[in-house]
Structure formats: structure tokens, C-alpha cells
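S.K.:
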Amino acid sequence: MAKLGGAVVFCCGCVLFAFLAGRQPAVAAETFDGVVFRLVNEAINGNYSVPGDPRVGPALIRLLFHDCWLTGCDGSVLLSSTPTDGNNTERTAASNIGLGGFDLINKIKAEINNTANDASCADILAFAARDAAGILSGGAISYAVATGRRDGANSSAAAANAALPGSTFKFTQLAASFAARGMGSGDLVALSGAHSVGVCHSSSFDDRLDPAKSAGEINATYQVALIRDVAEKKQLQGNQDPIEMNNIRDMNSSFQSASLYDATGVNPSKGVLDNSYYTANLQNMVLLRSDWALTTDGVARNKMQEYKKNATKWYEDFGAAMARLSKLLPPEGQYLEDKRKNCSVTNLSFMNSNGY
Ligand code: HEM
Ligand SMILES: *[C@@H]1O[C@H](CO)[C@@H](O)[C@H](O)[C@H]1NC(C)=O
Ligand SMILES: *[C@@H]1O[C@H](CO)[C@@H](O)[C@H](O)[C@H]1NC(C)=O
Ligand SMILES: *[C@@H]1O[C@H](CO)[C@@H](O)[C@H](O)[C@H]1NC(C)=O
Ligand SMILES: *[C@@H]1O[C@H](CO)[C@@H](O)[C@H](O)[C@H]1NC(C)=O
Ligand SMILES: *[C@@H]1O[C@H](CO)[C@@H](O)[C@H](O)[C@H]1NC(C)=O
Ligand SMILES: *[C@@H]1O[C@H](CO)[C@@H](O)[C@H](O)[C@H]1NC(C)=O
Ligand SMILES: *[C@@H]1O[C@H](CO)[C@@H](O)[C@H](O)[C@H]1NC(C)=O
Ligand SMILES: *[C@@H]1O[C@H](CO)[C@@H](O)[C@H](O)[C@H]1NC(C)=O
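Structure, rendered in C-alpha cells:
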């Protein structure tokens, strides 16, 4: 009887399957955006066989910023060598410490290479960063990105160090770095909210751990907890330059209570891209001096109060600022390739190394 029952169920399954198969419309061909979203989502959230990687989403968002900030959004940050820069490309710059996401960009490229969805590496990065922001915010951040970027063939570590804002910058220096790219201090305040996710090497905030050099710039109880935690992380990570979570929201509860962190209004879910950065910053509980610097400007401080209270407003402004960032163009006359064949090398070096 049990056997018969099984057979009946199996047979029903067959009929149902045949029914659905007959009615299903043809599956639409996957688009470029579709491939990028699928692979970014899989990298962040994992799938049946592979766990997700909490590091890759934040890495992609930072990678876009560091790409677009010099020579526009041209994929220059992705290059590991060029004919004129050798191996001293942007990604080796001190300012680019901890940069990641390269493997995923290369994986996306390999999947679309020579298909109808093929795109420049700069476009892949712009879309991947957009999708990372969408996924890490649970869908709250969404903005349109267009294709059409071309790939640069120049990538200099020295130029990256000169162009990227430093973690010890004062407000006026940060604002000037943004203004030079047609971005306002409003964009600076909104985009800095990206530091609600991801990590930071202790060498990027060492200056903040010395009470003599940082009085009034960092909450003292938080500083004490941080000094202790950095010492512990050096042991745990076996590294004299360990990483810490950017956001105190992502630290454990004993760290938070030792710091006297006030999490009122904050979604405690770790790793979410949201407005919790402003709650932390307005308590002087952020890692970087450049983050704290935003509190020193009256207008920026008011904006932070607004973002802290109104998540919707921040999601909107962050998305709009990311869209502007994604549109920064290479200077007129810069040598560009339509699409690299390999995001790590220019087509010129590609041909050289392949002997044609
Ligand atoms: C305003 C000036 C900024 C400065 C000085 C700055 C500096 C830094 C530094 C020093 C780190 C840690 C690097 C390390 O030690 O590993 C970091 C991480 C990060 N930054 Fe910024 N940043 C700035 C603006 C931005 C903007 C505009 C974005 C994106 C829209 C951004 C996104 C990120 C993200 C997501 C991380 C974490 C990366 C990861 O976990 O891999 N930052 N930033
Ligand atoms: C799961 O993700 C990994 C890594 O992205 C990928 O190589 C693999 O093909 C995926 N497996 C399935 C079943 O989708
Ligand atoms: C760049 O690095 C590769 C391998 O890491 C090495 O073979 C090559 O000689 C280097 N090129 C230059 C110009 O330094
Ligand atoms: C793309 O295709 C070219 C051949 O046209 C190949 O040499 C190259 O390695 C491919 N790139 C990637 C990332 O798979
Ligand atoms: C940029 O790259 C192109 C192509 O390799 C090269 O001709 C040009 O000299 C490079 N420009 C600089 C400033 O290095
Ligand atoms: C640090 O933050 C706690 C909690 O908000 C507060 O009680 C304390 O006064 C702050 N310390 C300083 C020096 O501002
Ligand atoms: C939480 O962080 C503190 C240091 O800030 C550390 O001593 C403690 O072991 C951590 N607790 C857990 C459960 O990981
Ligand atoms: C929050 O921001 C949204 C979007 O700009 C706006 O529509 C809403 O009125 C704001 N809410 C409050 C309470 O100010
Ligand atoms: C892309 O170029 C890098 C650097 O030369 C190389 O290591 C990698 O294997 C290349 N990828 C493909 C798919 O050819």
C-alpha cells in the first residue's frame, strides 16, 4: 500500500511537471545587470554549497569610491600592472590598504567575457557596488546606474596616495577633496555613512588611540575599550596591524557596554548598511579622525542629526550620492580602452604578455 501511494505521488509529480513545463513562457535571456546581481548576491549571501562572505559587500563599495576618485570611474583601481606603471598600480598604494573585491570582479568578467553581456570593467564595478549597497541595506538603497564607462590603462600608486582623502584629514580638506570632483559637503556627509559597514586596520586609526593626541576628539570610555580590544586583536589575528569593525554596532555587547554606547534607535543586526554610523559618530565613537571631523562643521553636524533620525532620508541621499560618484568621468584625452579582456591588465599588456 505504501508502495502504491508512493507511485501515485510520483505520477502526480510527473503530471504537474508536464503541466508547468507546457505553460511556462520561454526563460528570458539573462542581462548584464542580472549576471552582476546574481554573482554579487551569491558572494555576499552564499548558496547551498558555499557560505557568504561578509567582507565582500563593503569591499565593493569602497572599491568604487577608490576607482572613481582618480581618473574617474575607469576601472583603474582593478589593474595589477600596466605598460607604463609596471606593478606600482593604485591597488598597491598605502591609501588602498585592505582593498578587496577583485576576485569577484574578475569572476563576473570571466562569466560575461565574449558574450552579449560583455562590459567594461569600470561598468562591472559600478553595478557590483550598487548591488552590494542594495543587498547590504536589505533593499533600502536603490539607484539607477548606466553602462558606457570605458576602461583606463593608467594606474599609479603615487597618484592614488595623492588623490585619496587621508584618514587624518580635517573637515576643510575632506570637503575640498569632494569639491574638486564636483561633489558637495552634503555628499561627503551622506557617503561617509558607508562606514556603517566593513573594517579598518588599526594603523588607519592609531592616532586616535593616544589620549594625548586625541583629547576631545574621541569618547574616552570608547577609547579605553578600543585600546584594549586592539591589543587583543593583535594576538587573535596574529598581526600587529589587526582589523576592527568600523561600526561599534558591529562590536560585541561587552565592548558596547564597556564603551557606554547608546544604541537607541539602532537596528542591532550586524553588517547592515544603514544610518547607524551617525548615531555612533554623534557619540564620538568612530574609528577614523576623518569621520570625527564631520562633527566639527556645523552644517555637516546638523545633517548627521537628520540622518540619525531619518533613515529614509539617508537611504535616498546616499543612493543619490553613489549615483553621482558612479558618473565621475575620466579627464578629456585620457587613453581608454572600450573593454578590457581581463580586469587586472590592460589590453595592451595583455597582448604583450600573450605575444601578439
Ligand atoms: C571621506 C573620506 C574617507 C576616508 C578618509 C576614508 C577612509 C577609510 C579608511 C582608512 C578605511 C579603512 C581601511 C583599512 O584600514 O583597511 C575605510 C574603509 C571603508 N570605507 Fe572609507 N573613507 C572615506 C570615504 C568613504 C566613502 C565615500 C566610501 C563609499 C561610499 C567609503 C567606504 C568605505 C567602506 C565600505 C570601508 C570598509 C571596507 C572594507 O571593509 O573592506 N569610504 N575608509
Ligand atoms: C555557489 O557559489 C559558488 C561561489 O560563488 C559557485 O562557485 C558555485 O557555482 C555556486 N553553486 C551553486 C549551486 O550555485
Ligand atoms: C610584476 O610582477 C610580476 C609577478 O609578480 C613579475 O613577474 C614582473 O617582473 C613584475 N614587473 C615589473 C615591471 O616589475
Ligand atoms: C576573455 O577572452 C579572451 C579571448 O578573447 C581570453 O584571452 C581572456 O582570458 C578572457 N578573459 C577572461 C577574464 O576570462
Ligand atoms: C597611459 O597609458 C597609455 C597606454 O599604455 C600610455 O601610452 C600613456 O603614456 C600612459 N600615461 C601615463 C601618464 O602614464
Ligand atoms: C562618553 O560617552 C558616554 C556615554 O554617552 C558619556 O557618559 C561620557 O560622558 C562620554 N565621555 C566623554 C569624555 O565625552
Ligand atoms: C568581546 O570583546 C571583548 C573586547 O572588547 C573581548 O574581551 C571579549 O572576549 C569578546 N567577547 C566575546 C564573547 O567574543
Ligand atoms: C524623512 O525623510 C523623508 C525622505 O526625504 C521625508 O519624506 C520624511 O518627511 C522625513 N521624515 C521626517 C519625520 O522628517
Ligand atoms: C588576468 O590577468 C592576470 C594578471 O596577468 C592573470 O593572473 C590572470 O590569470 C588573468 N585571468 C585570465 C582569466 O586570463
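Position 147 of the sequence shown, counted from 1, bears residue number 1045 in the numbering used here, the numbering being contiguous throughout. C-beta: ideal position from N, C-alpha, C; glycine also. Everything numeric in this text was worked out from a predicted model, so none of it was measured.
(1) Measuring only the C-alpha atoms, how far is D1104 from M1143?
(2) Thinking C-alpha only, which one of C971, S1157 and M1183 is nearest V1049?
(3) If you draw a straight line from the C-alpha of V1184 to the C-alpha of R1199, how long is it?
(4) Can you tell me the Cα-Cα spacing of R960 and V925, whole angstroms?
(5) Hey, which residues come within less than 6 Å of ligand 2, measuring from Cβ to any heavy atom, in chain order?
(6) Taking DSSP as the reference, what is the three-state secondary structure of G1091?
(7) Comparing alpha-carbon positions, which option in K1132, S978, A1191 and T1013 lies nearest F1248?
(8) Helix, strand or coil for C1098 per DSSP?
(9) Output needed for N1240: all residues of its chain with C-beta closer than 8 Å, excluding positions within five of it in sequence on either side, in chain order.
(10) If contacts are defined as beta-carbon pairs under 8 Å, then M1149 and L1180 qualify, I think. What distance do you get, rounded to the angstrom?
(11) Taking the beta strand (DSSP E) that E1204 falls in, what are its first and last residues?
(12) Can you tell me which of the three DSSP states E940 falls into?
(13) Is it true that the CB of L1089 sits closer than 9 Å to the CB of A991?
(14) Starting from I1141, follow the beta strand (DSSP E) in both directions and report where the run begins and ends.
(15) Which class does E1235 belong to by DSSP, given the choice of helix, strand or coil?
(16) Check whether the stretch 1067 to 1083 touches the stretch 927 to 934, counting contact only when three or more Cβ pairs, one atom from each stretch, lie closer than 8 Å.
(17) T1119 to A1156, Cα distance in whole Å?
(18) Just the Cα atoms here: how many angstroms apart are E928 and V938?
(19) Heavy atom of ligand 9 less than 8 Å from the Cβ of A1008, yes or no?
(20) Could you work out which residue in A1056, Y1041, K1068 and N1145 is closest to D1172 when comparing CA atoms only?
(21) Enumerate in chain order the residues of its own chain whose CB-to-CB distance from P1228 is below 7 Å, with the five nearest sequence positions on each side excluded.
(22) Please give the ranges of any alpha helix (DSSP H) in the stretch 1003 to 1059, keeping only runs that are unbroken, at least 4 residues long and fully inside the region.
(23) Report the three-state DSSP secondary structure of G1217 (helix, strand or coil).
(24) Per DSSP, what are the beta-bridge partners of S979 in this structure?
(25) Assuming R1222 and D1085 form a contact by the criterion Cβ under 8 Å, report the distance between their Cβ atoms to the nearest whole angstrom.
(26) Pull up the DSSP beta-bridge partners for N984, would you.
(27) By the DSSP assignment, the alpha helix (DSSP H) with G955 in it spans what residues?
(28) Compute the Euclidean distance between the alpha carbons of Q1135 and G1064, then round it to the nearest angstrom.
(29) I want to check one thing, is the minimum distance from the CB of T987 to the heavy atoms of ligand 5 below 8 Å?
(30) Quick check on the burial criterion: 16 or more other C-beta atoms within 10 angstroms. Buried or exposed for K1237?
(31) Name, in chain order, the residues that DSSP records as bridge partners for P949.
(32) Write down the C-beta distance between G1096 and Y1175 rounded to the nearest angstrom, noting that I regard them as a contact closer than 8 Å.
(33) Where do the N-terminal and C-terminal ends of the alpha helix (DSSP H) with K1111 fall, by residue?
(34) Whose CA, out of G998, T980 and A1123, lies closest to the CA of N1245?
(35) Identify whether Y1120 lies in helix, strand or coil by the three-state DSSP scheme.
(36) Relative to the C-alpha of N1059, which candidate in D1029, I995, F1069 and S1151 has its C-alpha closest?
M.R.: Answer, in terms of the structure:
(1) 14 Å
(2) Looking at the sequence provided, one finds Asp at residue 1049 rather than Val. Comparing Cα positions, the closest option is C971.
(3) 14 Å
(4) 35 Å
(5) Result: E940, A941, N945, Y946, S947 and V948.
(6) helix
(7) S978
(8) C1098 sits in a strand when the DSSP states are folded into three classes.
(9) N1004, K1007 and F1248
(10) M1149 to L1180, Cβ: 17 Å. No contact.
(11) Here E1204 belongs to no beta strand (DSSP E); instead the alpha helix (DSSP H) covers G1196 to K1207.
(12) Here E940 sits in helix by DSSP.
(13) no
(14) Segment I1141 to M1143, the beta strand (DSSP E) holding I1141.
(15) strand
(16) no
(17) Rounded to the nearest whole angstrom, the C-alpha separation of T1119 and A1156 is 7 Å.
(18) 15 Å
(19) yes
(20) N1145
(21) Excluding positions up to five away in sequence, the list reads T969, G970, D972, G1050 and L1234.
(22) 1019 to 1034
(23) helix
(24) V1243
(25) 6 Å
(26) Note on identity: in this sequence residue 984 is Gly, with Asn being the wrong assignment. For G984, which the question treats as bridged, DSSP gives the partners T980.
(27) V954 to C966
(28) 25 Å
(29) no
(30) buried
(31) According to DSSP, which records beta bridges pairwise, P949 is partnered with G944.
(32) At roughly 11 Å, the Cβ-Cβ gap does not stay under 8 Å, so G1096 and Y1175 are not in contact.
(33) P1109 to S1112
(34) T980
(35) helix
(36) I995
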